[in-house]
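S.K.: Have a look at this one before I ask anything.
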C-alpha cells in the first residue's frame, strides 16, 4: 500500500453497514483499516453511512470523511450547484 499513488482510502459500504452493532459487527476490521491508513498518511472515507449510529461509531474509530444518505440524500447536478452557491455564501461551520 505504501507505493500506491493515493492519498485516500475508501471503506466500502459492506464494511460500514455493520459498524456499531451490539455484537461488535465489523468494528475490529474497520478500526484496523483506519489505523493502517492513518499510519500511511492516508485520509479515510466511509461509504454507506445511513444511521446516526454509523456516524458516531465511525467518529470514535477515527474515520476522517463520511458519505451516505445520513450525510445527504442524492441530488441532481443542478440541485447540487444551487445548494453549493447557497452554502458558499454562508460562514463555514465545523461538524463535530
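In full-length UniProt numbering, the protein residues as written are 1 to 96. Positions of the beta carbon are idealized from the N, C-alpha and C atoms, including for glycine.
Check each candidate in 64, 71, 88 and name the one with the smallest Cα separation from residue 51.
M.R.: Taking only the C-alpha atoms, the option nearest residue 51 is 71.
S.K.: I'd like the span of the beta strand (DSSP E) that includes residue 8, first residue to last.
M.R.: 8-11 is the span of the beta strand (DSSP E), which, as asked, contains residue 8.
S.K.: Just tell me which of 11, 22, 37 has its CA closest to the CA of residue 4.
M.R.: Looking at the Cα atoms, 37 is the closest of the given residues.
S.K.: Between residue 54 and residue 2, what straight-line distance do the alpha-carbon atoms span, to the nearest angstrom?
M.R.: Residue 54 and residue 2: Cα-Cα distance of roughly 28 angstroms.
S.K.: Can you have a look at residue 57 and say buried or exposed, based on whether 16 or more other CB atoms are within 10 angstroms of its CB?
M.R.: Buried, since its Cβ has 16 or more Cβ neighbours within 10 Å.
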